[in-house]
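There are 4 protein chains.
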Amino acid sequence: MKQYKSIDYRYKCYPRFQDTDAYGIVHHSKYLCYAEEAKMAFMSDDRYFGVQVIDEECKFVVRDASLRYIKSVRYKSKEPIDVRLHFRIEDEIRVVFKFEMFYMDQKVCTGRTEHLAVDKDGKLKLSIPEGLRNKYLCLIEKGENV
Amino acid sequence: MKQYKSIDYRYKCYPRFQDTDAYGIVHHSKYLCYAEEAKMAFMSDDRYFGVQVIDEECKFVVRDASLRYIKSVRYKSKEPIDVRLHFRIEDEIRVVFKFEMFYMDQKVCTGRTEHLAVDKDGKLKLSIPEGLRNKYLCLIEKGENV
Amino acid sequence: MKQYKSIDYRYKCYPRFQDTDAYGIVHHSKYLCYAEEAKMAFMSDDRYFGVQVIDEECKFVVRDASLRYIKSVRYKSKEPIDVRLHFRIEDEIRVVFKFEMFYMDQKVCTGRTEHLAVDKDGKLKLSIPEGLRNKYLCLIEKGENV
Amino acid sequence: MKQYKSIDYRYKCYPRFQDTDAYGIVHHSKYLCYAEEAKMAFMSDDRYFGVQVIDEECKFVVRDASLRYIKSVRYKSKEPIDVRLHFRIEDEIRVVFKFEMFYMDQKVCTGRTEHLAVDKDGKLKLSIPEGLRNKYLCLIEKGENV
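Okay, here's the thing in structure tokens:
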């Protein structure tokens, strides 16, 4: 099967004080939210897909997620997490994001999420919406950030 | 205007480790969530209103909220917050909850939220749904927990 | 008693998808987090107080909070909440923030939080730390944003 | 290397309305919090380890997490998530939890988290605290839930 290239994207996400826990560090579940913000910024970015992030007809639900935590993050007001995202469509049906996160120039986390499209009743779609797929092929052909 | 009595309700809500922040205590925004859980348990309780908590046709959005924080809560696994709720309909249109919260027998917080009914387009309803109002009058007439 | 003037501050806070709830809008508890982010940005801003936001010796815990919700916020990737903050020290002992929040040029929320200083054991301090108080007097004398 | 057996544990965790998102389902990051609550209940349970969940001298930070999402969860007031936890110490140094989650008798999620012990300065400990290790060996010898 043809293995497509990935599209890279960078996004800055600001931790909040509420993201910390009584260990004094950002709670481990919050990295999924930082990754999500980066993904939504990417998907809605007009230079890429420019889609509505909340589209009733086609939602991309998370099927799998994995995270490796490398370094704890201590909250400092207004220091961003630098999220580096790599988007790919696999097997015509799965949307895959890999990511690394940096905080004050140190790698703090890496991970991967896999998404499947569902319709408004929550039923799995058998393929990625065609418009999205074509746009993707078009983008990687142009070598946009690949 | 006739001033109706309130209906009292008690609910136990379990703080989560994620509810804490880097100050080592439960984050002040979380008490609104504990109050909400108590409110939803009350509204869906068959002994009282028995309504669906997520009803597209009639949602009770928060209009006002106020909280007084009396004592910080340090997380201990499986120690509940004891929420004491007082429900009332005011002026035929506003749903009002007052509450006190206790943790390990100490009062930690008091507060009040006021709710208005909106329809599925988010438009304000001019009155509380009649079924709810009648049930309320019926409950306070019976002296249920009043 | 002398009534001091307030210092104004503006801060942009980005809602996250996770801040929404099944009503399709930003959860009402999250506005306390947006206000907190604005407060922490203000307190740590070198043009104002430039203090560490997590200082074990002196934490400003929330004593009271009140919020009025004016309009629901529907999440759109990368649309910020514009927080307008008004800081004041009252009665030499209470730190008070008032705020209004705007989203896509519409006022969505107003509120007020009151804070007291506690030491590292959580004991109430009888007065605002002197350094902070002097800096405040200095700032309002200069008419900084007053 | 000797491969130890796992200890099984069950815990009920109640989703909150705030855990939902604008897709109408429990947000995917929240399953890490449900797993955490189950882990903390287990570790603090006197029938097992009975340790303080927030111990400055020895914190178990998450090193790796992976999740498979099987079915979306729609919030219903007071319906619990049934978390089935499997605890194991691997290679004398890593604490590993595997889990399955059920909601209204349907499997909704499976996952695994791996933890390492750090001291109060956040430095990695080279081994599991001896008391914990001995207790573990004692428990699996007795066949407690193995």
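Residue numbers (the working numbering), protein chains in the order written: chain F, 167 to 312; chain B, 167 to 312; chain G, 167 to 312; chain H, 167 to 312. Each residue gets a CB set at the ideal place from its N, CA and C atoms; glycine is no exception.
In the DSSP assignment, H:K264 falls within the beta strand (DSSP E) that extends over 260–269. Within chain G, no residue has its CB atom less than 7 angstroms from the CB of F:S238, the nearest being about 14 angstroms off. Contact check for H:H281 against H:V217 fails: the beta carbons are separated by 8 angstroms or more. Nearest Cα to B:E266 within the set B:C224, B:Y197, B:I259, B:Y170: B:Y197. Against chain H, a Cβ distance below 8 angstroms from B:Q184 picks out C199, E202. For the pair H:K225 and F:Y189, the CB atoms are nearer than the 8 angstroms cut-off. Looking at the DSSP output, B:F226 sits in a beta bridge with B:A283.
One Cα belongs to B:F215, the other to B:E296, and the distance between them is close to 12 angstroms. In terms of beta-carbon proximity, G:A231 lines the interface with chain B, with at least one pair separated by less than 8 angstroms. No Cβ of chain G is located within less than 8 angstroms of the beta carbon of F:K286. With contacts defined as CB atoms closer than 8 angstroms, B:V192 and B:Y241 qualify as a contacting pair. Secondary structure at H:Q184: helix, using DSSP grouped into helix, strand and coil. Any Cβ of chain B closer than 8 angstroms to the Cβ of H:K225 would place that residue at the interface, and such an atom is absent.
Taking the Cα of G:L290 as reference, the smallest distance to any Cα among G:Y170, G:G277, G:R229 is reached at G:R229. Approximately 4 angstroms separates the beta-carbon atoms of G:G277 and G:L233; this is inside 8 angstroms, confirming the contact. Closer than 8 angstroms to the CB of H:V219 there is at least one CB belonging to chain B.
When Cβ-Cβ separations below 8 angstroms define contact, G:Y241 makes contact with chain F. An exposed status is given to H:C304, since fewer than 16 other beta-carbon atoms sit within 10 Å of its beta-carbon. When Cβ-Cβ separations below 8 angstroms define contact, F:R234 makes contact with chain H. If you look at H:F253, you'll find it isn't in any alpha helix (DSSP H); it sits in the beta strand (DSSP E) that goes 247–256.
Of all alpha-carbon atoms in F:T279, F:D185, F:D187, the one lying nearest the alpha-carbon of F:R260 is that of F:T279. Taking the CA atoms as reference points, F:F268 sits about 40 angstroms from H:D271. In terms of beta-carbon proximity, F:K244 lines the interface with chain G, with at least one pair separated by less than 8 angstroms. At a cut-off of 8 angstroms, the C-beta of B:V228 has a neighbouring C-beta in chain G. Contact annotation: G:Y170 and G:I294 have beta-carbon atoms that are not nearer than 8 angstroms. Nearest to B:M209 by C-alpha distance, out of B:E245, B:E258, B:D248, B:R176, is B:R176.
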